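Trainee:
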Amino acid sequence: MTESFLPYCRPDLGPDEIEEVVETLRSGWLATGPRCKQFEERFREYVGASHAVAVSSCTAGMHLALAAAGVGPGDEVITTPLTFCATVNVIIHRGATPVLADICLDDYNLDPQEVERRITPRTRALMPVHYAGQPCRMDELLDIARRHKLLVIEDAAHAVGARYRDRPIGSLGDATVFSFYVTKNMTTGQGGMLTTEDGDLAAQARQLSLHGMSHDAWRRYEARGSWYYEVTAPGFNYAMTDVQAALGLNQLSRLEGFQELRARYAVEYQRLLEDVEEVILPSARPEVRHVWHLYPVRLRSELLTIGRDEFIEALRERGIGTSVHFIPIHYHPYYRECFGFRKGDFPRCEQVFEGLLSLPLYPLMSMDDLARVAEAVREIVSTHRR
Ligand SMILES: Cc1ncc(COP(=O)(O)O)c(C=O)c1O
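For the sequence shown, the residue numbers in my numbering are 446 to 831.
If you want it as C-alpha cells, here you go:
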C-alpha cells in the first residue's frame, strides 16, 4: 500500500492569509496594534459579545479571566476531568483549588448534577469545557451559578462558532475564552480571545495582558502616543501580536465555510460507520450547534480483542493519524499528588477514556479521506472482533 499518511489534523491557510501576514510584516507593526483591534472588533461581533480581548493563547486568556475576576487562594473552581491540563493549570496558577466533577455519557461534558454535588462554601467559579465543540448544558450550569453566586468562566477552546439554544458561545457566561492554536477550527498559530459582557473584567484582563500597564500603553509608539504609563497590578505578557491577528482576520472570514465542511464530514462519518456495533459514535444534542472540533469515537472493549492503544497503532500502520482527548486530569501524577485524586473518582470519565480516540476531521480532508478512515476502522474491527 503506497497511500500517503493522513495526518490527524492540518490547518487550512490560503493565499489571503499569507498575503495579509506579509503585508503586516511590511507595515512594521508586528506586536499588538491596529490589526489586533480590528480582529477583536470582528470577533466580538461574530459571537455577539460586548467586549473581546485578543490574547496569546486560550491558556493565557483563562488565566487572565480568573485573575480579573479575582479568583485566588482559598477559592475552589469546579471543572471537568476530561480536559486539557491547561484548564486546571490556570486555576492552580491563581493559587485556587481545582475541584473535578464527572461527565455525562451522551456528550462527555460536565454533568450539572455532579457539579452541584461538589459545591462547598469555598466554591467561587465553574469552568465548563465545551468538549469537542459541543456546548455544555448551559441553562443548568448558569442556574446553579446564579443560585450559589458563582462565576462561570468557559473554556471554549474547541467551541468557536458553537451555539446553545441559538445563543452563541461567547455571550453566555461571565467570561469565555477561545483557542486559535494550530489544531483548532480557526487558527492564528497560537492565540486566543476572551469575550465578556463585563466591561470592568475586560478592562482589567486587557491591562493584565500588557504587564499591568495603564490600558492603552501599546499606543505609546504611535505618533500621538505618550511614553508615560503606570503599573497598577503585576501583570503578564499575554497580548496577541498583529501578525497573529492578520491570520485571525482571514480565518474568521472563512470560519463559516470551515464549519459547514466539518458538519458535513460528521454526517458522513455517521453514515459510513453507524452499523459498526463495536464503535460508539459521537452525537449532537438537539438544542446545540456542535462545531465538530473533534470526532471522538469510543471502542466497546467488551466486543473487541484489542484495546484502544493497539487500535491507534493499527490505524497508524494503515497511514492514519489519530489522537486522544484527553488523558483524564486525575490520572496525571502532579494533580494526584497535590489534590489527592484517585482512579475510580470519576467513573464515567474513566469509562469513556478507556476506549476513546479522535478520528481525523478537518476541512482539508476529502470525502475519499473520510472513506479511507472508515474503511480502516471497519477492517481493524472485523479482524479483532471478539
Ligand atoms: C480544552 C482545552 N482547553 C485549553 C486549551 C489550551 O489552548 P491554548 O493552546 O490556546 O492555550 C486546549 C488546547 O489546546 C484545550 O483543548
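Yeah, the Cβ is synthetic: ideal placement off N, Cα and C, and Gly gets one too. Treat the numbers as computed from the prediction; the structure is a model and nothing was measured.
Within 10 angstroms of its Cβ, does ALA816 collect 16 or more other Cβ (buried), or is it exposed?
Mentor: Counting from 1 along the sequence shown, the entry for residue 816 is found at position 371. By the neighbour-count rule (16 or more Cβ atoms within 10 Å), ALA816 is not buried but exposed.
Trainee: Measure the alpha-carbon distance for ALA570 versus CYS783 and round it to whole angstroms.
Mentor: Counting from 1 along the sequence shown, the entry for residue 570 is found at position 125. Counting from 1 along the sequence shown, the entry for residue 783 is found at position 338. Going from the Cα of ALA570 to the Cα of CYS783 covers about 20 Å.
Trainee: Given GLU486, which residues of its chain have a CB within under 6 Å of its CB, disregarding the five upstream and five downstream residues?
Mentor: As a working mapping, residue 486 is identified with position 41 in the sequence shown. There are no such residues.
Trainee: Leaving aside the five residues before and after GLU722 along the sequence, list all residues of the same chain whose C-beta is less than 7 Å from its C-beta, in chain order.
Mentor: Along the sequence shown, read from residue 1 onward, the residue named residue 722 stands at position 277. Excluding positions up to five away in sequence, the list reads LEU748.
Trainee: Contact defined as beta carbons within less than 8 Å: I believe GLY766 pairs with PRO452. What is the distance between those atoms, to the nearest angstrom?
Mentor: Position 321 of the sequence shown, counting from 1, holds the residue named residue 766. Position 7 of the sequence shown, counting from 1, holds the residue named residue 452. Yes, GLY766 and PRO452 are in contact; Cβ-Cβ is about 5 Å, under 8 Å.
Trainee: Look at the alpha carbon of PHE625 and the alpha carbon of ALA759, and state the distance between them as a whole number of angstroms.
Mentor: Reading the sequence shown from its first residue, position 180 is the one you call residue 625. Reading the sequence shown from its first residue, position 314 is the one you call residue 759. Roughly 31 Å separates the two Cα atoms.
Trainee: Reducing DSSP to helix, strand and coil, say where HIS496 ends up.
Mentor: By one-based count along the sequence shown, residue 496 stands at place 51. Three-state DSSP puts HIS496 in a strand.
Trainee: Cα-Cα, which of VAL560, TYR576 and GLU795 is closest to LEU545?
Mentor: Here residue 545 refers to the residue found at position 100 when the sequence shown is read from its first residue. Out of VAL560, TYR576 and GLU795, VAL560 has the C-alpha closest to the C-alpha of LEU545.
Trainee: Which residue from SER671, PHE681, ARG669 and TYR673 puts its Cα closest to that of GLY657?
Mentor: For this step, residue 657 is matched to residue 212 along the sequence shown. Cα-wise, what sits closest to GLY657 is PHE681.
Trainee: Using a Cβ-based criterion (distance less than 8 Å to any ligand heavy atom), does LYS629 qualify as near ligand 1?
Mentor: Counting from 1 along the sequence shown, the entry for residue 629 is found at position 184. Answer for LYS629: yes, Cβ within range of ligand 1.
Trainee: Are the Cβ atoms of HIS770 and PRO808 separated by less than 9 Å?
Mentor: Mapped onto the sequence shown, residue 770 falls at position 325. Mapped onto the sequence shown, residue 808 falls at position 363. No. Outside cutoff.
Trainee: Do you know offhand how far ALA541's Cα is from ALA668's?
Mentor: Within the sequence shown, the letter at position 96 stands for residue 541. Within the sequence shown, the letter at position 223 stands for residue 668. Looking at the two C-alpha atoms, the distance is approximately 42 Å.
Trainee: Which residue comes first and which comes last in the beta strand (DSSP E) that contains ALA740?
Mentor: As a first step, residue 740 is located in the sequence shown; it is residue number 295 there, counting from the start. The sequence given here has Tyr at residue 740, not Ala. First-last of the beta strand (DSSP E) with TYR740: 740-744.
Trainee: Using a Cβ-based criterion (distance less than 8 Å to any ligand heavy atom), does TYR576 qualify as near ligand 1?
Mentor: For the purposes of this step, residue 576 is identified with residue 131 of the sequence shown, where counting begins at 1. For ligand 1, at least one heavy atom lies less than 8 Å from the Cβ of TYR576.
Trainee: In or out: TYR710 buried (at least 16 other Cβ within 10 Å) or exposed?
Mentor: On the sequence shown, residue 710 is found 265 positions in, with the first residue counted as 1. Buried.
Trainee: Residues in its own chain within less than 8 Å of ASP687 by CB, not counting five upstream and five downstream?
Mentor: In the sequence shown, the residue the question calls residue 687 occupies position 242. If we look at ASP687 and ignore the five residues flanking it on each side, its Cβ neighbours are THR469, SER472, TRP474, LEU475, ALA476, THR477, GLY478, PRO479, ARG480 and CYS481.
Trainee: What first and last residue would you give for the beta strand (DSSP E) that runs through GLY637?
Mentor: Mapped onto the sequence shown, residue 637 falls at position 192. Note, GLY637: beta strand (DSSP E), 637-641.
Trainee: Can you give me the start and stop residues for the beta strand (DSSP E) that SER803 sits inside?
Mentor: Walking along the sequence shown from the start, residue 803 turns up at place 358. That run of the beta strand (DSSP E) goes 801-804.
Trainee: What is the DSSP secondary structure of ASP588, reduced to helix, strand or coil?
Mentor: To locate residue 588, count along the sequence shown from 1; it is residue 143. DSSP places ASP588 in helix when its eight states are reduced to three.
Trainee: Do GLN652 and THR677 count as a contact pair if the criterion is CB distance below 9 Å?
Mentor: Translated into the one-based positions of the sequence shown, residue 677 becomes position 232. Translated into the one-based positions of the sequence shown, residue 652 becomes position 207. Contact flag set, yes.
Trainee: How would you label MET631, buried or exposed, when you count the other beta carbons within 10 angstroms and need 16 or more for buried?
Mentor: Translated into the one-based positions of the sequence shown, residue 631 becomes position 186. That one is buried.
Trainee: DSSP puts ARG420 in a beta bridge; with which residues?
Mentor: In the structure as shown, the chain begins at 446 and stops at 831. Residue 420 is therefore absent and cannot be evaluated.
Trainee: For the 8 Å Cβ check, are there 3 or more pairs between the segment 489-499 and the segment 631-642?
Mentor: The answer is yes - the segment 631-642 touches the segment 489-499, with three or more Cβ pairs under 8 Å.
Trainee: Residues in the same chain with beta-carbon distance under 6 Å from CYS734, minus the five sequence neighbours each way, listed in chain order, please.
Mentor: For this step, residue 734 is matched to residue 289 along the sequence shown. For the record, residue 734 in the displayed sequence is Arg; it is not Cys. For ARG734, where only same-chain residues beyond five positions count, the Cβ hits under 6 Å are ALA607 and ARG608.
Trainee: So is TRP737 buried or exposed if we call it buried at 16+ other beta carbons inside 10 Å?
Mentor: Along the sequence shown, read from residue 1 onward, the residue named residue 737 stands at position 292. By the neighbour-count rule (16 or more Cβ atoms within 10 Å), TRP737 is buried.
Trainee: Contact defined as beta carbons within less than 8 Å: I believe LEU555 pairs with MET583. What is the distance between those atoms, to the nearest angstrom?
Mentor: Your numbering for residue 555 matches position 110 in the sequence shown. Your numbering for residue 583 matches position 138 in the sequence shown. In fact, because the Cβ distance is near 10 Å, the residues do not count as touching under 8 Å.
Trainee: Within 10 Å of its beta-carbon, does VAL712 have 16 or more other beta-carbons around it, so buried, or fewer, so exposed?
Mentor: The count along the sequence shown starts at 1 and reaches residue 712 at position 267. VAL712 comes out exposed.
Trainee: Using only the alpha-carbon positions, how far apart do ARG743 and CYS530 sit?
Mentor: Here residue 743 corresponds to residue number 298 of the sequence shown, with the count starting at 1. Here residue 530 corresponds to residue number 85 of the sequence shown, with the count starting at 1. When rounded, the distance between both Cα atoms is 21 Å.
Trainee: Of all the beta strand (DSSP E) runs that stay within the bounds of the segment 716-762, which reach a length of 3 or more residues?
Mentor: Listed in chain order, the complete beta strand (DSSP E) runs (minimum 3 residues) inside the segment 716-762 are 740-744.
Trainee: Any idea which residues DSSP pairs PRO613 with across the strands?
Mentor: Residue numbering aside, residue 613 sits at position 168 when the sequence shown is read from its first letter. Paired residues: ARG608.
Trainee: Alpha carbons only, please: which of ALA513, ASP552, GLN558 and MET685 is nearest the one belonging to ILE536?
Mentor: Reading the sequence shown from its first residue, position 91 is the one you call residue 536. Residue ALA513 is the option with its Cα nearest to ILE536.
Trainee: Which residues does DSSP list as the beta-bridge partners of PRO526?
Mentor: As a first step, residue 526 must be located in the sequence shown, where it is residue number 81. Note: PRO526 sits in no beta bridge, so no partner.
Trainee: Would you check if the distance between the CB atom of LEU697 and the CB atom of ALA819 is smaller than 9 Å?
Mentor: Mapped onto the sequence shown, residue 697 falls at position 252. Mapped onto the sequence shown, residue 819 falls at position 374. Not in contact: LEU697 and ALA819 (Cβ atoms no closer than 9 Å).
Trainee: In this structure, does DSSP put TYR576 in helix, strand or coil?
Mentor: Residue 576 sits at position 131 when you count from the first residue of the sequence shown. It is helical.
Trainee: DSSP state of MET583, grouped into three classes?
Mentor: In the sequence shown, counting from the first residue as 1, residue 583 sits at position 138. In this structure, MET583 counts as helix in the three-state DSSP scheme.
Trainee: Which of the three DSSP states is assigned to ASP813 in this structure?
Mentor: Taking the sequence shown and counting its residues from 1, one reaches residue 813 at position 368. If DSSP states are grouped into helix, strand and coil, ASP813 belongs with the helices.
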